[in-house]
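First comes the structure, then the notes that go with it.
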Amino acid sequence: MKLYYIILFLTFIISHNSYSSEKRFKVHTLAFYNLENLFDTINDTSKRDEASPIMEMKYNRSEVYNKKIKNLSKVISGIGFEETKTLPTIVGLCEVENKNVVEDLINSDLLKNANYGISHFDSPDERGIDVALIYRKNMFKILNENSAYLELKYASGKINYTRDQLVVEGVLENEKFISLSITGHQDQEENLVLDHTEIKLLN
Numbered sequence: 001m002k003l004y005y006i007i008l009f010l011t012f013i014i015s016h017n018s019y020s021s022e023k024r025f026k027v028h029t030l031a032f033y034n035l036e037n038l039f040d041t042i043n044d045t046s047k048r049d050e051a052s053p054i055m056e057m058k059y060n061r062s063e064v065y066n067k068k069i070k071n072l073s074k075v076i077s078g079i080g081f082e083e084t085k086t087l088p089t090i091v092g093l094c095e096v097e098n099k100n101v102v103e104d105l106i107n108s109d110l111l112k113n114a115n116y117g118i119s120h121f122d123s124p125d126e127r128g129i130d131v132a133l134i135y136r137k138n139m140f141k142i143l144n145e146n147s148a149y150l151e152l153k154y155a156s157g158k159i160n161y162t163r164d165q166l167v168v169e170g171v172l173e174n175e176k177f178i179s180l181s182i183t184g185h186q187d188q189e190e191n192l193v194l195d196h197t198e199i200k201l202l203n
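Structure (structure tokens):
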């Protein structure tokens, strides 16, 4: 499995005694991970999910799906662990079919005790590919979340109905306001997938 993820460590002062120069810092891991076609094994007739790798398989779909969930959860649980000794606080996800597959992911053995919540909206992408966000509910509180429509229009006038942009605003550790923008869309002409998570930390 090809691994592609981006890690950002947020460090901020959690206490400061004005009578002492001593400061204590806490580090949070924020990451972005392209899950590369995390589709379930059920055919959705409202979209072209049959073009996904797992739906093209004739046998052992459930076995392959469960193995993929296990492998993905192993990667996520290890992101930033060496530095923080804990699981990531926030992870932006690209190439998920629906909320159900994200629920399967956060309920996996390696992630289920991290108390992850999900931010997700269905997008108009013709294959049903979405972006999502998982976050540790005891560390990050969502104040606002919405789906921003992205229209890719070619010179011919053709519109490519692609994945919406997920915009999430919230508070980290009841102190820092964070604005996140998660996108993942395909450049049809160059046959490249452009994925990223933008994070703004506002004092």
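Per the numbering used here: the sequence shown ends with 203, consecutive numbering throughout.
C-beta atoms are modelled at their ideal positions from N, C-alpha and C, and glycine is treated no differently.
Sorted by chain position, which residues of the same chain lie with C-beta nearer than 6 Å to residue i's C-beta, five sequence neighbours on each side aside?
i           : result
residue 101 : 38 and 40
residue 144 : 169
residue 94  : 34, 131, 184 and 195
residue 20  : Because the pLDDT of residue 20 is 49, which lies under 50, any placement of that residue in the model is unreliable, and the number read from its coordinates should be weighed accordingly. So no residue of the chain qualifies.
Helix or strand or just coil, what does DSSP make of residue i?
i           : result
residue 63  : helix
residue 68  : helix
residue 99  : helix
residue 176 : strand
residue 76  : helix
residue 126 : coil
residue 87  : coil
Could you name the residues of the same chain whose beta carbon sits closer than 7 Å to that of residue i, not counting the 5 residues immediately before and after it, in chain order?
i           : result
residue 104 : 69
residue 110 : 73, 74 and 77
With a threshold of 8 Å on Cβ separation, who are the neighbours of residue i within its own chain once the five nearest residues in sequence on each side are excluded?
i           : result
residue 286 : Any question about residue 286 goes unanswered here, given that the chain covers just 1 to 203.
residue 139 : 28, 89, 172 and 173
Residue i to residue j, Cα distance in whole Å?
i           : j           : result
residue 146 : residue 164 : 10 Å
residue 108 : residue 150 : 32 Å
residue 84  : residue 157 : 49 Å
residue 212 : residue 28  : What is shown of the chain runs 1 to 203, which leaves residue 212 out entirely.
residue 71  : residue 112 : 14 Å
Under the assumption that residue i contacts residue j (Cβ atoms under 8 Å), give the Cβ distance between them as a whole number of angstroms.
i           : j           : result
residue 182 : residue 166 : 4 Å
residue 99  : residue 115 : Not a contact, Cβ separation roughly 17 Å.
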